[in-house]
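Q:
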């Protein structure tokens, strides 16, 4: 059975349930036992207007068990209140997702999906099957959060997808892989440029002072070269293993991605 068919089956079952409950309204109801009344009021105290789907689900269960008692009228009134509270929340969740607030949007949708007999609940249930997560993967990709985008897309592959859906997921994975390659290449080139500027700076110090400094670290960069130093410190995270004599030096420059570049006497040792 397809997801759409299953969704329609669930909604039909909910409709049958409420036809039965409505018919029970026409039958004279018994007085509510004290224990059931106490349980009902405890349940009401725990319901949250910001989670109407969960509230509707719990009220449905209560009414299924206790439709023959007088307290059912109150439960039906409360259910109507939460049905009204659910209206418009599907649109709210979609708006949150468009703004990148996926965690809150997912919470809203998952709550609505607990009440599939409502229009918003049915839409939420269907949206969570695939579209919510592929849209999240695309949003993360567009905002250059490639690792997160890839993780979301890969999680979809564990689901039972249609061939069209599988193709959509694979396209996201293709794009993120390509983008990660481009970003990685750009980051490495930026790191190499920082290493070149560092070599020029040390060569300038040698030309001006006749020797290489006995010690050298990131904190020396802006003192020695304010403009170039800012670029280097914005690209490299540390200078390690610096050793120098009067006419030679060696060091390891560490990039922001963790790549290590060994420099010996103005030459990159790759």
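Residue numbers (my numbering): 1389 to 1658. We put the beta carbon where it would ideally sit given N, CA and C, even for glycine.
(1) Enumerate, from N- to C-terminal direction, the unbroken beta strand (DSSP E) stretches of 3 or more residues contained entirely within the region 1586–1638.
(2) According to DSSP, is residue 1518 part of a helix, a strand, or is it coil?
(3) Counting pairs of beta carbons, one from the region 1492–1508 and one from the region 1475–1484, are three or more of them closer than 8 Å?
(4) In whole angstroms, what separates the C-alpha of residue 1448 from that of residue 1513?
(5) At which residues does the beta strand (DSSP E) containing residue 1547 begin and terminate?
(6) Does residue 1439 come out as helix, strand or coil in the three-state DSSP assignment?
(7) Pick out whichever of 1441, 1488, 1631 has its Cα sitting closest to the Cα of residue 1466.
(8) Taking the beta carbon of residue 1515 as the centre, do at least 16 other beta carbons fall within 10 Å, making it buried, or is it exposed?
(9) Can you list, in chain order, the residues of its chain whose CB lies under 8 Å from that of residue 1445, leaving out five sequence neighbours each side?
(10) Can the beta-carbon of residue 1632 be found less than 8 Å from the beta-carbon of residue 1600?
(11) Does the count of Cβ pairs from the region 1616–1630 and the region 1641–1652 closer than 8 Å reach three?
(12) Anyone know if the C-beta pair for residue 1545 and residue 1520 falls short of 8 Å?
(13) Bridge partners for residue 1640 per DSSP, in chain order?
(14) Alpha carbon to alpha carbon, how far is residue 1525 from residue 1487? Give it in angstroms, no decimals.
(15) Going by beta carbon distance, what residues of the same chain come within less than 7 Å of residue 1475, once the five residues before and after it are set aside?
(16) If you measure between the beta carbons of residue 1616 and residue 1589, is that distance less than 8 Å?
(17) Return yes when the Cβ of residue 1424 is within less than 8 Å of the Cβ of residue 1454, no when it is not.
(18) Distance, Cα to Cα, residue 1637 vs residue 1558?
(19) Please classify residue 1652 as buried or exposed, where buried requires at least 16 neighbouring CB atoms within 10 angstroms.
(20) Whole angstroms is fine: what's the gap from residue 1538's alpha carbon to residue 1561's?
(21) Could you compute how far the alpha carbon of residue 1592 sits from the alpha carbon of residue 1574?
A: Taking the structure as given:
(1) The region 1586–1638 contains these whole beta strand (DSSP E) runs: 1624–1632.
(2) Taking the first residue of the chain shown as 1, we reach residue 1518 at position 130. Three-state result, residue 1518: coil.
(3) Three or more beta-carbon pairs drawn from the region 1492–1508 and the region 1475–1484 are found closer than 8 Å, and the two stretches are therefore classed as touching.
(4) Looking up residue 1448 in the chain shown gives position 60. Looking up residue 1513 in the chain shown gives position 125. Going by the C-alpha atoms only, they are around 18 Å apart.
(5) Mapped onto the chain shown, residue 1547 falls at position 159. Taken as a continuous stretch (DSSP letters only), residue 1547 belongs to no beta strand (DSSP E), as it is neither H nor E.
(6) For the purposes of this step, residue 1439 is taken as residue 51 along the chain shown, with counting starting at 1. In the structure shown, the three-state DSSP call for residue 1439 is coil.
(7) To locate residue 1466, count along the chain shown from 1; it is residue 78. The candidate whose alpha carbon is nearest that of residue 1466 is 1441.
(8) As a first step, residue 1515 must be located in the chain shown, where it is residue number 127. Flag for residue 1515 reads buried.
(9) As a working note, residue 1445 is residue 57 in the chain shown. 1502, 1503.
(10) On the chain shown, position 244 is the one that residue 1632 refers to. On the chain shown, position 212 is the one that residue 1600 refers to. Yes. Within cutoff.
(11) Taking a contact to require three or more Cβ pairs closer than 8 Å, the region 1616–1630 and the region 1641–1652 qualify as touching.
(12) The residue you call residue 1545 lines up with position 157 of the chain shown. The residue you call residue 1520 lines up with position 132 of the chain shown. One thing to note: residue 1545 has its Cβ no nearer than 8 Å to the Cβ of residue 1520.
(13) Sequence index remark: in the chain shown, residue 1640 carries index 252 (1-based). Beta bridge pairing from DSSP links residue 1640 with 1628, 1650.
(14) Here the question's residue 1487 lines up with position 99 in the chain shown. Here the question's residue 1525 lines up with position 137 in the chain shown. A straight-line Cα-Cα distance of about 14 Å links residue 1487 and residue 1525.
(15) As a working note, residue 1475 is residue 87 in the chain shown. Taken in chain order, the residues that qualify are 1508.
(16) By 1-based counting over the chain shown, the position of residue 1616 is 228. By 1-based counting over the chain shown, the position of residue 1589 is 201. A contact, by the Cβ cut-off of 8 Å.
(17) Position 66 of the chain shown, counted from the first residue, corresponds to residue 1454. Position 36 of the chain shown, counted from the first residue, corresponds to residue 1424. Less than 8 Å separates the beta-carbon of residue 1454 from that of residue 1424.
(18) Taking the chain shown and counting its residues from 1, one reaches residue 1637 at position 249. Taking the chain shown and counting its residues from 1, one reaches residue 1558 at position 170. Answer to the nearest angstrom: the Cα atoms are 49 Å apart.
(19) On the chain shown, position 264 is the one that residue 1652 refers to. That one is exposed.
(20) Taking the first residue of the chain shown as 1, we reach residue 1538 at position 150. Taking the first residue of the chain shown as 1, we reach residue 1561 at position 173. The straight-line gap from Cα to Cα measures roughly 6 Å.
(21) Your numbering for residue 1592 matches position 204 in the chain shown. Your numbering for residue 1574 matches position 186 in the chain shown. Distance between the alpha carbons of residue 1592 and residue 1574: 27 Å.
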